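Shown next, in structure tokens, is the structure this report addresses.
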Amino acid sequence: MSDVLAGGRGRGRVGPSLSYAVVNTVVRFTPLLVLALGWEFLGLSGLVSRQMLPGLGEIFAAFSDMLFGGDLLYNTLRSVSRAAAGLGAAVVVGISAGLLMASFRPVRLLINPIVQIFYPMPKSALIPVVMIWLGLGDSSKILLIFLGCLLPVIVGTYNGARGVNPFLLWSAASLGASRFDVLREVVLRGAMPDILNGCRTALAFSFILMVSSEFVIATDGVGFMISSLGDGGQYPAMFAAIFFVAGIGFAADRLYALLSRRLLRWREA
Amino acid sequence: MSVTHLAPPPRSRAHAASSISISDVSHTYGARTAGGMLALDGINLDIGDGEFHCLLGPSGCGKSTLLYLIGGFIPVQAGMISTSAGPVTAPGPDRSIVFQNFALFPWKTVKDNVLYGLKKAGFNAAEREQRARHYIDMVHLTGFENAYPSQLSGGMQQRAAIARTLAVDPGILLMDEPFGALDAQTRRVMQEELRTIWRDSRKTVVFVTHDVQEAVFLADRISIMSARPGRIQHVIDVDLPKERGEEILENREFIGLSEHIWRLVREQAVAATRGAH
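Protein chains in written order, with our numbering: chain W, 1 to 269; chain V, 1 to 277.
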């Protein structure tokens, strides 16, 4: 979990021994255990009503009901496919835009002010706007996720591309690379660490926007489920859905960090 | 290291050695603004086919700028630079370069760095393999093919960079203080190796340095450049034996010539210091 803060880099490649790895894992997850115990204690002590903090056992029971008998998986699939569509489009468009901005002054002059104005804006403020534009279907949520994920990818790519050692570009050109080759094989490659960081931020944004947009405009999806379970007073099930989506987000981030490390093996060498 | 690796590589796509002609070249940094800085002023220089030419001068004299102009990395503002292939307008593999800071692709292994230019040149897979092996052998990096640049010492990185540049067989080899970052011993070894490589491959070499001994040891001719704005103050022929090893450092002519050139360079360096005050 410390990896979220460390950018997923600093960890050693091979643990010295199995027992060390076990201890390490236990230590890493101790805060979670403390949190779970605190949760149970607060509920049992009567300080907080059982409705607000249902017991973990209840939540787990509701979870297995939803998983095997209910529509949790279906809704998750709906949500994740929206997030993936928006994020995927943002990665493709964002990397292209960032590279073009870094390489061509006119593109930079055109896009830079737009990026700077929209960067700090909370993208959830656009939920009503995309609803007016595209209605209640998938496309409005995909557009929202796309817009929210676009900027971190553009900014990461742009900064990375600008930071590539200019002598690398000259070396490639003097070895016979065309301008397009240089862009693809040197600028893109050299910017990869920053691009991957930007995409990681975008991945987190995609989950946030996925759930929050489904609160407002949806007839299915995990966000819709959470809000309608909450409205219906089914709190254990609501918490189960919340924890489930948190777990998926966590797994996606871990998978992503693993992938990044593979792609950036040359830096650890 | 088997002997077959050291057989000469296929020459089919070699760039022919080439002369370089520089006429009336001036260069101003920040030319579009009022406070532009004149870096090169009216440079005229002809470098012959297969010549080893050193550009020597104090730091800030524009010698690297002149090299980058020949490389086509920065556009010629005034005057004209041409090679046997025609006027220089852009970088190209006929004029490949080795930089002081190596500029290896950090995400590629030694071998993949060397293969990069070979792929661009359109060699088939077998030829690429053979040539890569040949040049990696030549710079004594056999066994380090799969190492990333960050795993190598400075000297090894520079040898990898030289292999990468030589592999595309440029007619003109541009070198921008390539040994500046190396320790004294490695530097000496690299200088001797470069002399040998040059003698065997007959390329035209333009070598930028501020080290007088290095210039005299390596060059056929030396251009001594003045402090800012850069002008060519003297062009000196180095009449020393073609075969140069450690022993040449004791050679009376070598010592005399070095001292002579050192005095000429010192004048420029002193002028530069005065100009700065």
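Built from N, CA and C at the ideal position, the CB exists for glycine as well. Since we're looking at a predicted model, the values are computed, not measured.
Who are the near neighbours of residue i in its chain, counting only those whose CB is closer than 8 Å to its CB and skipping five residues on each side?
i, result
"V:LYS111", "ALA132, ILE136, GLU145 and ASN146"
"W:ALA89", "ILE142 and PHE146"
"W:VAL4", "Residue confidence is low: W:VAL4 scores 46 on pLDDT, short of 50, so the model does not pin down where it sits. No coordinate-derived value is stated."
"W:SER140", "VAL130, MET131, TRP133, LEU134, SER213 and ILE217"
Distance check for residue j and residue i, CA to CA, integer angstroms please.
i, j, result
"V:PHE207", "W:VAL153", "42 Å"
"W:THR30", "W:ALA21", "14 Å"
"W:LEU37", "W:ALA61", "18 Å"
"W:ILE248", "W:ARG254", "10 Å"
"V:SER12", "V:LEU40", "The pLDDT assigned to V:SER12 is 45, lower than 50, so where the model puts this residue is not dependable, and the model offers no usable value."
"V:ILE70", "W:TRP170", "13 Å"
"V:LEU264", "W:GLY160", "45 Å"
"V:GLU281", "V:ILE224", "This structure cannot settle anything about residue 281 of chain V, because the visible part of chain V is limited to 1 through 277."
"W:LEU32", "W:VAL129", "38 Å"
"W:LEU77", "W:VAL222", "9 Å"
"V:ARG202", "W:TRP266", "36 Å"
"W:PHE205", "W:ILE111", "21 Å"
"W:LEU56", "W:TRP39", "8 Å"
"V:CYS61", "V:GLY36", "16 Å"
"W:GLY233", "W:VAL34", "27 Å"
"W:MET131", "W:LEU73", "25 Å"
"W:GLU268", "W:ARG162", "22 Å"
"V:PRO87", "V:TYR68", "14 Å"
"V:TRP107", "W:ARG184", "14 Å"
"V:GLU250", "W:GLY198", "59 Å"
"W:PRO54", "W:GLY69", "21 Å"
"V:LYS120", "W:MET121", "45 Å"
Among residues of its own chain, excluding the 5 on either side of residue i, which ones have a beta-carbon nearer than 6 Å to its beta-carbon?
i, result
"W:ALA6", "With a pLDDT of 43 at W:ALA6, under the threshold of 50, the predicted position of this residue should be treated as unreliable, and no value is reported."
"V:ALA90", "GLY72"
"V:GLN233", "ILE224 and SER226"
"W:SER79", "MET210, GLY221 and VAL222"
Closest by CA to residue i, which one among the options?
i, options, result
"W:ASP71", "W:LEU258, W:THR219 and W:TYR158", "W:THR219"
"W:ALA191", "W:TYR158, W:GLY223 and W:ALA204", "W:TYR158"
"W:PHE167", "V:ILE197, V:ALA227, V:VAL98 and V:MET225", "V:VAL98"
"W:SER213", "W:LEU264, W:LEU136, W:GLU40 and W:SER260", "W:LEU136"
"V:PRO75", "V:ILE47, V:GLY35, V:ALA31 and V:TRP107", "V:ALA31"
"V:ILE200", "V:ILE20, V:MET138 and V:ILE22", "Note on residue identity: the sequence assigns Asp, not Ile, to residue 200 of chain V. Ranking the options by Cα distance to V:ASP200, first place goes to V:MET138."
"V:SER153", "V:ILE22, V:PHE179 and V:ALA271", "V:PHE179"
"W:THR201", "W:PRO106, W:GLY156, W:LEU35 and W:LEU109", "W:GLY156"
"W:PHE244", "W:ALA257, W:GLN234, W:SER64 and W:SER49", "W:SER64"
"W:VAL164", "W:ILE117, W:ASP194, W:PHE68 and W:LEU151", "W:ASP194"
"W:ILE95", "W:SER228, W:MET225, W:LEU196 and W:ALA240", "W:LEU196"
"V:LEU166", "V:ALA125, V:VAL114, V:GLU127 and V:ASP176", "V:VAL114"
"W:LEU67", "W:MET225, W:LEU258 and W:GLY230", "W:MET225"
"W:MET52", "W:ARG262, W:GLY230, W:LEU263 and W:ALA257", "W:GLY230"
Would a C-beta distance cut-off of 8 Å place residue i and residue j closer than the cut-off?
i, j, result
"V:SER26", "V:GLN100", "no"
"V:PRO229", "V:LEU55", "no"
"V:PRO149", "V:LEU104", "yes"
"W:LEU188", "W:LEU99", "yes"
"W:LEU147", "V:TYR116", "no"
"V:ARG95", "V:LEU194", "no"
"W:LEU203", "W:ALA252", "yes"
"V:PRO93", "V:VAL168", "yes"
"V:ALA219", "V:GLN268", "no"
"V:THR109", "V:SER19", "no"
"W:SER81", "W:LEU209", "no"
"V:GLY42", "V:ASP24", "yes"
"W:VAL107", "W:MET101", "yes"
"V:ALA184", "V:PHE102", "no"
"V:SER258", "V:VAL205", "no"
"V:SER58", "V:HIS210", "The residue asked about is misnamed: residue 58 of chain V is Pro in this sequence, not Ser. Going by C-beta atoms, V:PRO58 is nearer than 8 Å to V:HIS210."
"V:ILE172", "V:ILE81", "no"
"W:VAL115", "W:LEU151", "yes"
"W:ILE59", "W:ALA240", "yes"
"W:PHE207", "W:ALA85", "no"
Identify, in the order they occur along the chain, each residue of the same chain with its Cβ nearer than 7 Å to the Cβ of residue i, setting aside the five sequence neighbours on each side.
i, result
"V:ARG221", "GLU51, HIS53, VAL235, ILE236, ASP237 and VAL238"
"V:LEU141", "VAL110, MET156, ARG159, ALA160 and ALA163"
Could you tell me if the beta carbon of residue i falls within a distance shorter than 7 Å of some heavy atom in the ligand NAP?
i, result
"V:SER201", "No copy of the ligand NAP appears in this structure; indeed no ligand is present at all."
#### Entry: Complete alpha helix (DSSP H) runs within the region 203 to 238 of chain W (minimum length 4 residues, chain order)
Whole alpha helix (DSSP H) segments, 4+ residues: 222 to 231.
### Query
Of the residues that make up the region 159 to 181 of chain W, which ones have a beta carbon closer than 8 Å to any beta carbon in chain A?
Structure shown: chain A not included; protein chains present are W and V.
### Query
In chain order, which beta strand (DSSP E) runs of at least 3 residues are fully inside the region 41 to 118 of chain V?
The qualifying runs are 52 to 56, 78 to 83 and 95 to 98.
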